[in-house]
Amino acid sequence: MRPLLVPKSDPCGLVREDGFWLAMRTPEGPATLHLARSAGELVATGHGPGARWAADRADAIAGLRDDLSGFPALATRHPLVERLAKTFSGVRLPATGHLFPRLLRAILEQKVTGKEAHRSYRAVCRHFGEPAPGPVELVLPPDPAVVAATAYWVFHPFGVEQRRTQALLRAAQVAARLESCAGAAEATARLTALPGIGPWTAAETVRYAFGDADAVSVGDFHIPNTVAYALAGEARGTDERMLELLEPFPGHRGRVCGLLALGGIAAPKFGPRMPLRSFSRF
65 MRPLLVPKSD
75 PCGLVREDGF
85 WLAMRTPEGP
95 ATLHLARSAG
105 ELVATGHGPG
115 ARWAADRADA
125 IAGLRDDLSG
135 FPALATRHPL
145 VERLAKTFSG
155 VRLPATGHLF
165 PRLLRAILEQ
175 KVTGKEAHRS
185 YRAVCRHFGE
195 PAPGPVELVL
205 PPDPAVVAAT
215 AYWVFHPFGV
225 EQRRTQALLR
235 AAQVAARLES
245 CAGAAEATAR
255 LTALPGIGPW
265 TAAETVRYAF
275 GDADAVSVGD
285 FHIPNTVAYA
295 LAGEARGTDE
305 RMLELLEPFP
315 GHRGRVCGLL
325 ALGGIAAPKF
335 GPRMPLRSFS
345 RF
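Converting from the sequence shown to the working numbering requires adding 64 to each position, the first position being numbered 1.
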């Protein structure tokens, strides 16, 4: 469940010795979900008006609805994928059932380094966040209606330029329609119809909102190189080459990319690192 939280510090969730905590806005109201393990079982506790909704979806958020049927057979089509599938056989994809919080993060991660994006995400969540119910100090994810009613320049001190902000505002305006999507395919179609949202942003969103194991982040800076290097020994790859190499794993292409990341597989690096910037200073 760590992919549900930004690294180091997430205002909306945390992992500590007593388990996993996640603040959320449910159809029944604000909630904080606590997940813990006890004697091999998942123990879910909800807090706040949306506690029942959160607890009812706890198994999906923990990845227990992730369907791996057929994947072990597909994994044998490449020795590295087969080995990683066995090494990380217990890893599952979570499905939060909430699209906008993940979309917010994906938009902020467009065309910038992870550190820049995560810094902006924390600032946005703290600015718009309301205290979450429960015994831990968390904030609820930003309310789409409040985000949609905010002028774009408010986001500038958070390190978010006008282009990403406008994409976020457009998404916030139709958040209710996006949240009503029945599955990843419908959500992807609606997301990519919005200006400023392409295949990469849609894949990064539906992978964890719906647990879509086939979502491939086309347009990513690193993943095509990683896939080309891991599956074909090629130091650099294009989106087209990546999709070609992932063809033997239908329905689980995104899962394969995730396994490569878990295994620490990376293509050789050439040239200097991308510099960290702060749009709030521009």
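Using N, Cα and C, we set each Cβ at its ideal position, and we do this for glycine too.
A contact between stretches requires three or more CB pairs, one per stretch, nearer than 8 Å, and the segment 167 to 175 meets this requirement with the segment 259 to 270. When only Cα atoms are considered, P71 and R305 end up about 30 Å apart. L310 and A331 have their alpha carbons spaced roughly 16 Å apart. By the neighbour-count definition (other C-beta atoms within 10 Å, threshold 16), V210 is an exposed residue. In this structure, the CA atom of G297 is about 17 Å from the CA atom of L148. Between the C-alpha atoms of A248 and G198 there is a straight-line separation of about 31 Å. Looking at the DSSP output, D74 bridges to G77. Judged by DSSP secondary structure, T90 falls outside any alpha helix (DSSP H) and instead within the beta strand (DSSP E) spanning G83 to T90.
With contacts defined as CB atoms closer than 8 Å, F135 and H316 qualify as a contacting pair. The Cβ atoms of P75 and C189 sit closer than 8 Å to each other. Between the alpha carbons of A215 and P67 lies a gap of roughly 30 Å. Counting along the chain, no alpha helix (DSSP H) covers G297, and no H or E run does either. For secondary structure counted as the alpha helix (DSSP H) over 4 or more consecutive residues, the segment 117 to 191 holds these complete runs in sequence order: 122 to 125, 135 to 139, 143 to 151 and 164 to 172. Residue environment analysis places Q226 among the exposed positions, since fewer than 16 neighbouring C-beta atoms fall within 10 angstroms of its C-beta.
Bounds of the alpha helix (DSSP H) holding G318 are R317 to L326. Around the beta carbon of E201, fewer than 16 other beta carbons sit within 10 angstroms, so the residue counts as exposed.
With respect to the 8 Å criterion, D303 and P314 are not classified as neighbours on the basis of their beta carbons.
Non-local C-beta neighbours of V107 in its own chain, meaning closer than 6 Å and more than five positions away in sequence, comprise A100, ordered along the chain. In the DSSP annotation of this structure, the continuous segment of the beta strand (DSSP E) that includes T96 starts and ends at G93 to S102.
The straight-line gap separating the alpha-carbon atoms of Y185 and L172 is approximately 7 Å. Between P94 and G114, the C-beta gap is smaller than 8 Å, which places the two residues in contact. For V270, no beta strand (DSSP E) run applies; the uninterrupted alpha helix (DSSP H) run containing it begins and ends at P263 to A273, by DSSP. In the structure shown, V203 falls within a strand segment according to DSSP collapsed to helix, strand and coil. 8 Å or more divides the Cβ of A124 from the Cβ of A181. Measuring C-alpha to C-alpha distances from R241 to each of L163, P205, V280 and E81 identifies L163 as the nearest. With fewer than 16 other CB atoms across the displayed protein chains lying within 10 angstroms of its CB, F334 is exposed. Contact between G328 and R271 fails: their C-beta atoms lie close to 20 Å from each other, not under 8 Å. Straight-line spacing of the CA atoms in A294 and A267 works out to 21 Å. If the five residues before and after C321 are omitted, its C-beta is found closer than 8 Å to the C-beta atoms of V280, S281, I287, T290, V291 and L310, all from its own chain and listed in chain order.
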